[in-house]
Each structure stands twice: as structure tokens, then as C-alpha cells.
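**Student:** Heads up: the sequence lines are chains V and D, in that order. Residue numbers for the first sequence follow numbering that gives the first Met the number 0, so the first one is 0 and each next one is one higher. Residue numbers for the second sequence follow numbering that gives the first Met the number 0, so the first one is 0 and each next one is one higher.
Number of protein chains: 2
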Amino acid sequence: MTIIASSIIAGEHRTGTAGQVQGINPVTGKALEPVFTFVDKDTVDQAAEAAWSAFDVYRATTPEVRAVFLETIARNLELDGERIVDRAVQESGLPLGRLTGELGRTASQLRLFAGELRIGAHQEVRINSAQPDRAPAPAPDLRQRQIPLGPVVVFGASNFPLAFSTAGGDTASALAAGCPVVVKAHNAHPGTAALVGQAVNAAVKEAGLPAGVFSQIFGAGSAVGQQLVSHPRIKAVGFTGSQGGGLALMRTAASRPEPIPVYAEMSSINPVVIFPSSLNGKAKDLASAFVGSLTMGSGQFCTNPGMIFVPADDQGFAAAAGEALRELSGQTMLTSGICDSYREGVSRLANIEGVSAVSQGQEVSGQNAPAPVLFQTNSEILRNTPELQEEIFGSAALLVRYKDESDLVSTLESLHGQLTATVHATDADSESVKKVLPVLERKVGRILFNGWPTGVEVNDSMVHGGPFPATSDSRTTSVGSLAIYRFQRPVSYQNIPSNLLPEALQDENPWSLPRRIDGVLNS
Amino acid sequence: MTIIASSIIAGEHRTGTAGQVQGINPVTGKALEPVFTFVDKDTVDQAAEAAWSAFDVYRATTPEVRAVFLETIARNLELDGERIVDRAVQESGLPLGRLTGELGRTASQLRLFAGELRIGAHQEVRINSAQPDRAPAPAPDLRQRQIPLGPVVVFGASNFPLAFSTAGGDTASALAAGCPVVVKAHNAHPGTAALVGQAVNAAVKEAGLPAGVFSQIFGAGSAVGQQLVSHPRIKAVGFTGSQGGGLALMRTAASRPEPIPVYAEMSSINPVVIFPSSLNGKAKDLASAFVGSLTMGSGQFCTNPGMIFVPADDQGFAAAAGEALRELSGQTMLTSGICDSYREGVSRLANIEGVSAVSQGQEVSGQNAPAPVLFQTNSEILRNTPELQEEIFGSAALLVRYKDESDLVSTLESLHGQLTATVHATDADSESVKKVLPVLERKVGRILFNGWPTGVEVNDSMVHGGPFPATSDSRTTSVGSLAIYRFQRPVSYQNIPSNLLPEALQDENPWSLPRRIDGVLNS
């Protein structure tokens, strides 16, 4: 396909007069063709209304129809993969290999949800049989399943133009749940969004679904977003981005006449704890791996390790990390705005009392490629300086020296909610680790051992989530098959005649769903 | 046990100087001994801090320990059952038989969660095995389970002094999930709350759990509630009560530095749809059953049928319902305040244009026992008059005449979110019912056929919940085993050494939990 420079409103390509945007190559600063126009308010409303109109038909489809639909999106993305990846490279400055991998990940994410639909555990089918002879009153036949919430607005993220954008995890899980999706396209990669949107739209047609199942809107950032989140036809929100943006959406959603859930993945500094035993003879290797994780993709990962705890008397690790970093050149960031924010964050951190620089790399001038940087402080200063917990999006980290186990525990207790925490230790530190783990469990969605948080598997066991302010809702994940649970709610059916029962609840179990019948699980 | 007139703060009986309250017998208007004092702010803080201190120890207990703990509470309630029920009768004006049944239900609800703990499906264990040879990168060992959110505040409800109060469904499900509980005792039944609190407290001691696992506070309604919901140690809220109260808690929880989930079950008018076929020769029986459900317990049920749709040309049902109602005397309501609100609601409804009275029963003077009442209007007026959807807590209902299937569907579309909807029909109306069911699914948490919504089973399949404003969060239920999901969140563990893995995730599966391993469910 070639790029069609327009919003897609329920299958129709639409342009508007509310402004315009072009992709910009952050390496060269040059604008990319074509120009995308912003649609006006009425057109945005039409997308929400079309999603609502499509809802009852779409949610009545079988799991197999929805699974094939998701697989068709995946196939369409792969068929047009070369063009999509090429465009994403130009718009994001991310390397070809990374984006090729991300396309594969996006497709396999869609297929994971297709598989989830065929397993069907998320439908949570429960049946309690009637007991006509129960005393003092007969028990009714009661059956429960999950139904989708309704149309979902998805905000694409800049840092994953494929896996967390138009056809990313939020869209895949909402569509799997049976919710129509209205995407607010990210203006940092409009061409990529358009190509992916066309692939989704083609799959809607091929599956014979109502066109309102998918729309994608180009518009000025916050105004269109607020309009969509306020719209009475919208019933949930998926968002990955800044804390400011996420908090604004949370406020809007909570103050609607009918409040709706917001799943915002916002910010995290992803603490890494280095125990003494892991440094024995390996300080240099560990430091090198840390710097690799910190600077990969210019540090533009939600799970970037932005804070690393080392024993107070460490010399080897900090020195080796500083040395490794000094040799590195900056990599182009996604946009000049993100690059500016990074510089501001670094300069703010550098000016906080008690913080000193360990080392920094080389800036590449004129390419939005700022120097990666490592600062240091100690645990007491961290505990007393909440600003040190503000995420700097990019390759900046703060090394924190801790005195002993008790100092470490109380410092970890002072951290805000995070997506991940990582422990580096050997058996020699097991007793200390046992004291740290319960604290980390309360703080994060994922705990890693002797690794680095920047790889996020897409499978049944992943939690990409965590306590506020990492996300708006710790009870969920935005990556992995559990994400489908965000977009559904339970309904129970009491004494419904068998010819009127939804397929999911019929005795014959036509969809072969796992069920809990009279307290007994079968699968 | 005898009533100890005090708050329980982490096992200690405490009185205060912030005010006082006594139970009042609504039949006689007489105050009941003893006097309960309100504790001051510091004492409230102590309860939250004690809950927090107990959290890590409590959540580390095995499912069996928590199951036995819940069973011990149930047993303690039954051992002191006669005294508890007797006191509840005096404080609520509800009949002995009803409260005896409610005590049994409260105990069996605790045992349901004990059973849920032993099944363990709510722990959602998922394991994805490491794939060291996967290309392009090895896959880690990743394991997921659910952990409890933290201390929970529970607000007891006036209309179920046992099943939705101190040791009711919110408390049972939060304790089952591993969350310490701080109960704000309901001031309409302080003696009942005290006796039940003593039973819970004794179980905490017997189980050898940290005392902070349970506290119960007597205090002035909204101030103490707001203090608790604002407290940084509190991580979730369970509430059953008025819409005003629920909305206030939602606002407070959303505006905290760290927002927390609120599960508020607030208001519902529980529409009942009578299809023509169900009236054939049975109008009188149906009307009599309707009036029975409407007036049972003076109509003080969340699921009371407050709106009933009948064909426009119906004469038999309305006449028979009117006649049945006319013969009934009012029953004492829970408090004089609730009785006053009922009268105000009835008078407001009577003055709305297009609404007329069908019939009313007899008031019993001096006993807070107002007349049950039935009004009528038509579908068009209902669609254009949102005030008609305001719940009147008590035995008042609005009969709505609809023209035809299409008029019925568009009128049901105009309804707000509800706990339940009920359909009365025979096979002859199946085609119409098929058009109504998808609308009802979007509006409610439970759909019933040819029955009445006022019985709420406590089992795996019950959903006592529904879209806003019936509840604050449609994704959950406050009755039944699924309620445990409200108080937990997922955490995943990546490459954690086996000696440090939580029991729930160990290969050996010491708790015999159902698991999903590499995409395959076993149970």
C-alpha cells in the first residue's frame, strides 16, 4: 500500500481543516511527505458514534471470527512490512533492525490474542446449577461470563511506533475483548500510523465486520484526546506516554457524568539493585551490560534502568560504568521535543544538591543525539529528595550508594511505584534479597533477577504495569495476554431459557471454553 | 460475648471523645444501651498504620491459614449468633427470620471465600518456561501471580447489618485476598457491629495473625470516612450505600497523590420488563409476586424492583398490583432518616408531571413504617424525564407503559446502569426478547428470567455489580467469589532463582494451584 494521508473514520478516508502535521526525520530535521490534515470536531464525534454503532454486532462475533480478524491484521502488517518499517525508520530515527523486530513483535502480539480467544479462559465462564430442592429456598440456575466494555480510545506511543501504537498492544487487546477501537494517531509518526491503519482497515473489510470497529484520527494532541475521552460513547482508554498526559486523561475520565477506566502507562525509573556478591570479579561485565541496557535505543524505553543501587564502598562498578559510557556517542532521539526534554531533565538533575556527575558520553551534534549520562548520589539524599525520582526519558541514570541492608530496604521503601525492579545477586546474598523482595513486590509489576529490564516478553506471564505513578491502574498489564481483562466486565444470567443463553454459557459449550461448574474447574 | 462499646484498633478496645452514638430501635424510637464513643483522628491513623504494619506478614500466610481464619470468623459468628441476631433485630427493625437467615448467609459467604482460597484460581498462576535456544534472543523464565493491594477500608451498609457490614462480603473478600481491613462501623447498628467486630477480632487472635489485620472504628460518618480514604496506607475501598456517599469517596480516592480503587455499590432501580405473553391468564399471580418482591423488608434492598414495564394496553397487571398493594401495611424502615428520605422521594415522584398514583398501602403510624406505593407513567415521559430514574430506597415503584417492541428497546436504551434487569416472557415473545437482551447486557450486571431480583445468591456465578451509577466500577462484583479479584494485582517474576520464588510459583506447586503453563491450562 502507499500512504493515504488521511484519518480513517469507519472505513472512510477523511481529511480536515483543523491543522496539519508532517513526519519529521529526527536525524536530518527534514519534513517528510505527505502532509496530514487534522479533522474537525464533528468528524471525531462520527468516529465515536460509528464505534458505538458497531459495538453490538462486533461483540456478538464468535471468538474464531475475532481470532481470524487479528491474524489478518498481523498478516497485512507483514505483507506491507518493508514499507512500514522503512517509513518508521525515517520518522523515528530508530534503527532498521530494531523496527524490523518490532514489526514481528507487533504481529506476534496480535496472534497471541488470537490464541487467547481460542483458549477462552478470559471469558471466565462459571455455572452454578439450579437446586430446585434446596431449603429454605430453591437455588436458581446462574451463569456468568465476561462481556466487552464498549468502544475504546487508544493513544499511540512515540517510542514504539508499531508495538505500542496504531495496532499495538492496547488495540490488539481491546479488539480481542470485543471492543471497537478509535486510535488517536501519534503525530511523531503519521506515515507509519497511516500505513498500519490501512492494514487494520483492510482486515476489517476482509472479515466482513462493521466499519466502525476501527477508526484512526489525526488531530492536535490534547484537544482531540480530551474530546474522545469525554465522549459518552467511549467506555475505556488505553494510553502510553508522559505522566502529565496520563494524569490529564485520568482527570477527564473521572469527571465525566459516567466515569470510565483509564489504563495509562506513564513513567518509571526501574530501579536496579546490585548486591555485593554480584560484583565479585564481575564489576566490569556488569557495568558494561548496564550501560548497554541504559543506552539501547537512546534509552527511550519505559523500562529503561534509570536508577542503580550499589554498595557505598563500590569503586569498580561505578568506575567501569563511567568508562563504558564515556566511549559512547549519543543516538538520535525520536523527536527534537523529546531531545529537548531530555536535556532539561539532565540539567535539572545536575543542579540538585548532593548529586554529582560520574561520566558522560559524546553528543552527536545536529542529529538530536544528546550525550548519555550517569550521575551519582547516596541513599540518604535520595530518600530526602523526591525530585530525584522523576523519570528522565532517555539515556540518563542515577547511581545511588547504599550503606547496608537496612539502609537499602528503607531507601527502596521510599520509591514510588515502578514498572520493574531488578536484583543482581548470588546465593551469598540470599538472606538480604529475601528482605528486599517483599518491598519490591509492593512497588513494581515485574521483578527480574540478574538481567536487565529493557526486554519485555509478550506472553501469558508478562506484567507490564505497576503501582501509581508507573501506571494509573496497578490491577492490570498493558503487555501480554492478561491485558484483555482490562476491557471486559462480568454479567450473570439467572434462569435464562437455554434458547436465549449466549453461546459462551450454553450447556453444550459450543466454543469449548474452560468453565467452572458448581465449583469445579475443567479445562 | 457481651457488647464492648468501643472501637477495636489492632486488637485493642479504644474509646474516644469525638462524639457518641447509640443504636435506636426504629419501631419504638428508643435509644439502646450502651453508648458508643467516637475515636479521635490520631486513633483513626493508628488503625491505618497498624493495618499497614500487618500487611506483609498477613499476605505471606498460606491460603490454608487464611481459609481457616475465615472459617473461624464464621464459627465465632454462629457461636454468638443468637445474641448478634437479637441485637440486629433491635437496631434495624428487620424481622428475626430475615436476620437469622442473614447470619447464615454471612457465615457461608466467609466459607465460600475459604473454599476459593483452597481452589486458588484467583491467584492466576501463569508460567512461561525459559527458552535458552530461542532466536534471535533467549526467552527468560517468566512467572506471574496475583498479590493483594494492601489495607482496605470497608464501609458497612445499613440495610444488611450482617451480610454487607462488619464481616460482610467486602471484608470477607479483602481478607481472603490477603488485605488487612479497617471497618468504618455503621452508626445505625453499633451494637451489632461491635459484636461482629469482637468475633472477627477473636478469630485474628486464634489464628495468631498480627492484630492490625482487623480494626473497626466508630466515628462521625463522613469525616472519618474521608480521613480513611485519604490515608496513604489505605490502598482500596469497599462501600455499599447512597450515590452521594459513593461519589464523594470516588472523588477523594481519585484526588489522592496516589489514587486508589473504590468499589462503591450505590443505587439501582432494577427494571422489570413484562412481555405480553407472560400476562396471559397470569396477570394476577405476577402482580402479587411483584408486590411481594417490592415490599419485602420494606423494600430496603439494592435489588428492589423499582421500575416495571408493562404493555400500554395492560389493565390486569396494574389493577391487580394496585389491589395487592392497597391491602398491605407499611413495615418499619431501618432508621427514621431512611424513612424520611423515602417520604421525600415519594413526594418528589408524585409531583412530576405525567406521573400518577396507581395505589398505595397503609402507613403504620409512629413506627417509621410508611405506606408502600405504586406510580405509573409512560415510556415517552420516562425517556424525557431523567429524574424518574432516581432510586427511592424503599417500597416505591414506577409502572411504565410501553407501546411496542421498538418503543420498549429505545426506552431501555435510555436507562442508566443498573445492578439487575428482569424479563418476564414465554416462548411466544422470544423474538422480542432477543432484541432486548443485548440492551440489558450493556446496562446491568445480572439478567433474570421469570423471577424477581431481590434474592442474591452467594456463589461463583453471581454478579452483584453493574455499570455506573449502579456501581463505581462495572468490572467487578461485590457478591460472590469473583469479588476477591477486586483486591489484588498481578506481579511477574523473571528468572528468579527457585529458592527465592513465592510458593505459588514454585515448580513443585506446593499449594496445588491451577496453573497455565506455556499456554496450557491445567486444573
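Each residue gets a CB set at the ideal place from its N, CA and C atoms; glycine is no exception.
Closer than 8 Å by beta-carbon distance: list the chain D residues that pair up with L98(V), in chain order.
**Tutor:** The premise fails here: L98(V) is roughly 14 Å from chain D at the closest Cβ pair, so nothing lies under 8 Å.
**Student:** For Q487(V), report the span of its beta strand (DSSP E) as first-last.
**Tutor:** That run of the beta strand (DSSP E) goes 487-493.
**Student:** If contacts are defined as beta-carbon pairs under 8 Å, then L397(D) and M295(D) qualify, I think. What distance do you get, rounded to the angstrom?
**Tutor:** Not a contact, Cβ separation roughly 18 Å.
**Student:** Which first and last residues belong to the beta strand (DSSP E) in which Y262(V) is found?
**Tutor:** Segment 261-264, the beta strand (DSSP E) holding Y262(V).
**Student:** Hey, does M295(D) have any beta-carbon neighbour from chain V nearer than 8 Å?
**Tutor:** Output row for M295(D): interface = no.
**Student:** Could you check what DSSP says for P385(V) in three-state terms: helix, strand or coil?
**Tutor:** Looking at P385(V) - three-state DSSP - the assignment turns out to be helix.
**Student:** With the cut-off set at 8 Å, would you say S358(D) and L324(D) are in Cβ contact?
**Tutor:** Yes. Within cutoff.
**Student:** Within the same chain, show all residues whose beta-carbon is closer than 6 Å to that of V195(D), passing over the 5 residues directly before and after it, in chain order.
**Tutor:** Closer than 6 Å at Cβ, skipping near neighbours: T165, A166.
**Student:** Could you pull out every residue in the same chain whose Cβ sits closer than 8 Å to the Cβ of E412(D), ignoring the five residues on either side in sequence?
**Tutor:** Same-chain partners within the cutoff: V438.
**Student:** What are the residues in the segment 427-460 of chain D lying within 8 Å of chain V by C-beta distance?
**Tutor:** Listed by position, the residues of the segment 427-460 of chain D near chain V (Cβ gap below 8 Å) are S429, V432, K433, L436, P437, E440, R441, V443, G444, R445, I446, L447, F448, N449, G450, G454, E456, N458, D459, S460.
**Student:** So, is S346(V) buried or exposed, given that buried needs 16 or more other C-beta atoms within 10 angstroms?
**Tutor:** Per the 10 Å Cβ criterion, exposed.
**Student:** Taking G298(V) as the reference, which of E264(V), E32(V), L327(V) has the closest Cα?
**Tutor:** Per the Cα distances, L327(V).
**Student:** Tell me, to the nearest whole angstrom, how far the beta carbon of V38(D) is from that of G218(D); I am working on the premise that it is less than 8 Å.
**Tutor:** 6 Å between Cβ atoms; contact.
**Student:** Is there a Cβ from chain D that is less than 8 Å from the Cβ of S491(V)?
**Tutor:** S491(V) counts as touching chain D.
**Student:** So, at 6 Å on beta carbons, what are the nonlocal neighbours of R144(V) in its own chain, with the 5 sequence-adjacent residues on each side left out?
**Tutor:** Answer for R144(V): Q122, V124, A503, L504, listed in chain order.
**Student:** Check whether the Cβ atoms of S267(D) and T302(D) sit closer than 8 Å, and answer yes or no.
**Tutor:** Yes.
**Student:** So, under 8 Å CB-CB, D169(V) and S477(V) are touching, yes? Tell me the CB distance rounded to an integer number of Å.
**Tutor:** 6 Å between Cβ atoms; contact.
**Student:** DSSP on E70(D), reduced to helix/strand/coil?
**Tutor:** Three-state DSSP puts E70(D) in a helix.
**Student:** Out of V236(V), A187(V), S172(V), P131(V), which one is the CA nearest neighbour of N158(V)?
**Tutor:** With distances taken between Cα atoms, N158(V) lies closest to A187(V).
**Student:** Can you give the beta carbon distance from V457(V) to R104(V), rounded, assuming they're within the 8 Å contact cut?
**Tutor:** Rounded, the Cβ-Cβ distance is 6 Å, consistent with contact.
**Student:** Which whole runs of the beta strand (DSSP E) in the segment 393-431 of chain V are 3 residues long or more, in chain order?
**Tutor:** Taking only runs of at least 3 residues, the beta strand (DSSP E) segments lying wholly in the segment 393-431 of chain V are 395-401, 419-423.
**Student:** Is the Cβ of P139(V) closer than 8 Å to any Cβ of chain D?
**Tutor:** P139(V) counts as touching chain D.
**Student:** Under DSSP, the beta strand (DSSP E) around F374(V) begins and ends at which residues?
**Tutor:** F374(V) -> beta strand (DSSP E) spans 372-377.
**Student:** What residue does the beta strand (DSSP E) around T239(V) start on, and which one ends it?
**Tutor:** Here the beta strand (DSSP E) through T239(V) covers 235-239.
**Student:** The alpha helix (DSSP H) spanning N200(V) covers which residue range?
**Tutor:** Taken as a continuous stretch (DSSP letters only), the alpha helix (DSSP H) holding N200(V) covers 189-205.
**Student:** Cβ closer than 7 Å: which chain D residues qualify as neighbours of P496(V)?
**Tutor:** Here the neighbours are F448.
**Student:** Going by DSSP, which residues form a beta bridge with S157(D)?
**Tutor:** Partner(s): none; S157(D) has no beta bridge.
**Student:** Can you grab the Cα-Cα spacing for the pair N200(D) / F213(D), in whole Å?
**Tutor:** Between N200(D) and F213(D), the C-alpha separation is close to 7 Å.
**Student:** Is the CB of I337(D) under 8 Å away from at least one CB in chain V?
**Tutor:** Judged by the 8 Å Cβ criterion, I337(D) is not in contact with chain V.
**Student:** For Q21(D), which residues in chain V fall below 9 Å Cβ to Cβ?
**Tutor:** Correct list: empty, because the minimum Cβ distance to chain V is about 33 Å.
**Student:** What are the boundary residues of the alpha helix (DSSP H) that includes F112(V)?
**Tutor:** Unbroken alpha helix (DSSP H) run through F112(V): 95-118.
**Student:** Counting only runs that start and end within the segment 6-85 of chain D, where is the alpha helix (DSSP H) found for 4 or more residues in a row?
**Tutor:** Qualifying alpha helix (DSSP H) stretches, in chain order: 40-58, 62-78.
**Student:** Measuring alpha carbon to alpha carbon, tell me which residue in A317(V), D312(V), S254(V), E264(V) is nearest L285(V).
**Tutor:** Taking only the C-alpha atoms, the option nearest L285(V) is A317(V).
**Student:** Any idea if R133(D) is buried or exposed, counting beta-carbon neighbours within 10 angstroms, 16 or more meaning buried?
**Tutor:** Exposed.
**Student:** Per DSSP, what are the beta-bridge partners of K183(V) in this structure?
**Tutor:** F154(V), I216(V), per the DSSP bridge assignment.
**Student:** Looking at chain D, which residues of the segment 120-146 of chain V have a Cβ within less than 8 Å of any of its Cβ atoms?
**Tutor:** So the list reads A120, E123, R125, I126, N127, P135, A136, A138, P139, L141, R142, Q143, I146, given in the order they occur along the chain.
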